[in-house]
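Worksheet: the structure to be examined is printed underneath.
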Ligand SMILES: *[C@@H]1O[C@H](CO)[C@@H](O)[C@H](O)[C@H]1NC(C)=O
Ligand SMILES: *[C@@H]1O[C@H](CO)[C@@H](O)[C@H](O)[C@H]1NC(C)=O
Ligand SMILES: *[C@@H]1O[C@H](CO)[C@@H](O)[C@H](O)[C@H]1NC(C)=O
Ligand SMILES: *[C@@H]1O[C@H](CO)[C@@H](O)[C@H](O)[C@H]1NC(C)=O
């Protein structure tokens, strides 16, 4: 400890000659002994005890009772930092030097060259890879046994519930037990007149040696539908285009009878399970879903492109596997709706899975069936046998504790793939891999986030968002209390167009982060500019009506950030628990990109390296973007949420509803709702002002506090000397000398009991003697690890541009130079020049406030209260009764479209009362429910 240095520094009290009146020898000895004792006491209490007990920021001092103080985090978070540890912008720059292509490619080869279907051995292996990564990068000690905890066990419960008490990074695996299925025998036949097969389809994909992984594993995971119904069906074929609600309605209007039929539909436009649901509700016996090259845009064999692996067009044997869960009813384990699937959980019959069998088929097979429909249209027989059982799945979890332990940012990506999944999800896993390395590197530099970061590698997302949903259902109260934002990354690269989605409160934040980063291949543009990028493979033949892989969204694209529907792991956080969420952003396939073989064995490492992202620069760009978002969410003093934007988007959505109502017979009274939204807008604008003010004040106080530390460093000894001289004079003239209650009080209480030593408030008194003003020293901060120099403003400050905050340049602290000297382009982190401690600080207390440290605590509390309001804003849309007919979804502002699944429907209850239910009573009820929610949100902002 550096304490000794202070204690022994420079002049000793005894080097000062003190005039002692000639007196008796014994008297002198007594006097000297008492005074010596006093001096020792004072020095000890001023320099040694405070350091040991006040430095709650130092992980080694956590035995102190101060750790548990309510406001210890204030001291912890805002104390001057070691200047050699990157913070704020420097931390961002440092982070950005870490993700790189070589590491990304290596990670991709590790995850995407073996099948890792949820619940399989390969999946468990990747769960452990990810655990290893967290342990290695975050310096988490490995025990003899892997920390694998069955969900619901004491260890598993404790692992999540103790996140808010951790002081060191931790990682573990939670095992949930959902009901899943795997493919058994399947077949598809056209039946001849004799009832025997006239044609039999080859249902599995066919490998090609040119892509060795795809060749090896072409039929290792059968081409089937996850959670599909076991059974057989025989009937006539009916072609129903995309299987949208509108497609079915149109056919029914034309008099087509679906009873007992086998419905043939193509992929695209809406979640596949809802295609099956539509057919099932019309009485169909089975469903076949195929991949149509018309949805591949210009990149087709007709336009002269060779099929993969010889070119960028679709391999005609490729099949899109996928879940046929009815996603818009509820996600997660079908047998445990709304509660977690532990090994022995009570289970129900799922109501979100089909009751008729289905199969995914290739274009090669679909072509035969389409010809059959146009020709003899003989009956078809499909067989889909599956093995349905409770299956363990593994969520790998990691935690980086922050100064504010109970504000948590969760970053999640799923790990399970249908087969190899080089794009889905391994490209996302690879980007997260690079983010973990970056955060790990920061931790090794001594950095610590303001808030706690949780990194989740979800399992069984492909079957229906199961890993994330079960965790969300398991810890719903904890999440609602502590999670301030959820950041999702599914696939990160399948094409050329950058896109992101999120809660309206995060839209500006998402866009800003992407605007702060360079485009992966064009240094003149930003990452955000890649939202305008398209593939470059053109051709004459193009199906203008195709929906392709581009998802139809019914909601607007305001600021370029789509609202979230469903289809990935943010669903439970946003739609059920009301946590502001985002799909971080990735590069998606366009109609002029090499065909992305979604959920096929050809979603392989070779495809990714040759066609998807040669050089892996986009993987790295996404990692930087995700990392920057994570850093900013975890370190911004005030959460970068824009409630005003939310309030204005609500008005926009209301306008859409009003138009819908005007063109239908159902016209509810929307006047009170509009008034409520208006008043929310005003409340939010007022709140913005409060937000900026609170942040400005806190930043100022932190700066002053650091400055006062600097001054103290300067003058403490001088002041001590002065006081000691006065003291000695008093002692020597007026014996006895024990007459200074101020200096005595604190030490006595310390000596009494360490464990009862109260934290910040006591340290105020303790430190008082130094300046003789209790306030100045309150909450004495931790010292930098190295004795000098003292760091200047060191709190984790996000760049001033976020939210247009007042720039920190308001006070010249001499730190900006250092900022500029850091050349992050070079890749290597330069050693920061050590700023020398100025002899005369640039800044002085203009007026010494009576209790500056209390003011700092008050300011920190005010900011915390604002953050709580920001974090709970989204929660205000959660209604216990949920959305009609799909009560699992409880967000009144946004839900996956009932007949879209992926796409969002905004103001879903109200919208669907008009468009689907066509019920004026219901529409008015829904408008009233929304009005009440919006008014409550407004009142909470004003509280
Ligand atoms: C709970 O978790 C914390 C943090 O990982 C650990 O220190 C503690 O020992 C655990 N307690 C139990 C009962 O498992
Ligand atoms: C679940 O039930 C099985 C069979 O009764 C039992 O062996 C197992 O220990 C139980 N698991 C838990 C976590 O209680
Ligand atoms: C918040 O959103 C509003 C409305 O979109 C916008 O005008 C404002 O600039 C945003 N504020 C910030 C700091 O992004
Ligand atoms: C319309 O909605 C109301 C309120 O939910 C319900 O009581 C009523 O039965 C519905 N009417 C029809 C025709 O469905």
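Numbering (my numbering), first residue to last: 272 to 1214.
Where a beta carbon is used, it is the ideal one built from N, C-alpha and C, also for glycine.
Problem - Under the three-state DSSP convention, the category residue 909 falls into - result: coil
Problem - Distance cut-off 6 Å: residue 919 Cβ against heavy atoms of ligand 3 - result: yes
Exercise for the section: Assign residue 1102 to buried or exposed, taking buried as 16 or more other Cβ atoms, counted over all protein chains shown, within 10 Å of its Cβ. Expected result: The pLDDT assigned to residue 1102 is 36, lower than 50, so where the model puts this residue is not dependable; a value taken from the coordinates is nonetheless given after this. For residue 1102, the number of other beta carbons within 10 angstroms of its own is below 16, and it is reported as exposed.
Problem - Alpha-carbon spacing of residue 376 relative to residue 885, whole angstroms - result: 10 Å
Exercise for the section: From the DSSP output, in three-state form, read off residue 405 for me. Expected result: helix
Exercise for the section: For residue 1201, verify whether its CB is less than 6 Å away from any heavy atom of ligand 4. Expected result: No.
Handout entry: Selected residue, minimal CA-CA separation from residue 499, among 484, 540, 1127, 548
Key = Comparing Cα positions, the closest option is 548.
Exercise for the section: Please indicate yes or no: does the CB of residue 1193 lie closer than 6 Å to some heavy atom of ligand 4? Expected result: For residue 1193, the Cβ falls inside the 6 Å cut-off from some heavy atom of ligand 4.
Practice task
Given a cut-off of 7 Å, decide if residue 874 and residue 692 are closer than it, judged by their beta-carbon atoms.
Solution key: yes
Exercise for the section: Say yes only if the C-beta of residue 913 is nearer than 6 Å to one or more non-hydrogen atoms of ligand 3, and no if none qualify. Expected result: yes
Exercise for the section: Determine the DSSP secondary structure at residue 303, reduced to helix, strand or coil. Expected result: DSSP places residue 303 in the helix class (H, G or I) of the three-state scheme.
Problem - residue 958 versus residue 1145 - alpha carbon distance - result: 15 Å
Handout entry: Neighbourhood of residue 888 by C-beta distance below 8 Å, restricted to the same chain and skipping five residues each side
Key = 372, 791, 792, listed in sequence order.
Exercise for the section: Look up residue 414 in the DSSP assignment and say whether it is helix, strand or coil. Expected result: coil
Exercise for the section: Indicate whether the contact test is met: 3 or more Cβ pairs, each with one atom in the segment 592-604 and one in the segment 432-441, closer than 8 Å. Expected result: The segment 592-604 is not in contact with the segment 432-441.
Problem - Contact test: residue 441 Cβ vs ligand 1 heavy atom, cutoff 6 Å - result: yes
Handout entry: Proximity test, residue 1138 beta-carbon vs ligand 3 heavy atom, cut-off 6 Å
Key = Answer for residue 1138: no, Cβ out of range of ligand 3.
Handout entry: One or two residues paired with residue 858 in a DSSP bridge
Key = Residue pairing from DSSP places residue 858 in a beta bridge opposite 764, 769.
Handout entry: Buried/exposed call for residue 512, threshold 16 Cβ in 10 Å
Key = buried
Problem - Any non-hydrogen atom of ligand 4 within 6 Å of residue 1190 CB - result: yes
Handout entry: CA nearest to the CA of residue 1149, picked from 709, 751, 468, 382
Key = 751
Problem - residue 926 CB to nearest heavy atom of ligand 3 below 6 Å - result: It does not: the Cβ of residue 926 is nowhere closer than 6 Å to a heavy atom of ligand 3.
Problem - Span of the alpha helix (DSSP H) around residue 1202 - result: 1191-1213
Problem - For residue 517 and residue 405, the rounded distance between their alpha carbons - result: 47 Å
Problem - Same chain, Cβ closer than 6 Å to residue 636, five either side skipped, listed in chain order - result: Cβ neighbours of residue 636 beyond the five flanking positions: 472.
Problem - Residue closest to residue 360, alpha-carbon to alpha-carbon, out of 931, 910, 903 - result: 903
Practice task
Could you pull out every residue in the same chain whose Cβ sits closer than 6 Å to the Cβ of residue 722, ignoring the five residues on either side in sequence?
Solution key: 673, 675, 678, 680, 905
Handout entry: residue 452: first and last residue of the uninterrupted beta strand (DSSP E) it sits in
Key = 450-462
Handout entry: The beta strand (DSSP E) enclosing residue 1220, as first and last residue numbers
Key = The requested residue 1220 is not part of the displayed model; the chain covers only 272 to 1214.
Handout entry: Status (buried if at least 16 other CB within 10 Å, exposed otherwise) for residue 1194
Key = buried
Handout entry: Euclidean distance between Cα positions of residue 582 and residue 576
Key = 6 Å
Handout entry: Proximity test, residue 429 beta-carbon vs ligand 1 heavy atom, cut-off 6 Å
Key = yes
Exercise for the section: Could you please give the first and the last residue of the uninterrupted alpha helix (DSSP H) stretch that includes residue 782? Expected result: 778-786
Exercise for the section: Please check the pair residue 556 and residue 532, which I expect to be a contact at CB under 8 Å, by giving their CB distance rounded to whole angstroms. Expected result: 6 Å
Problem - Sequence-distant residues of its chain with Cβ nearer than 6 Å to residue 573 (five each side left out) - result: 812
Handout entry: Assigned secondary structure, residue 470 (DSSP; H/G/I helix, E/B strand, else coil)
Key = strand
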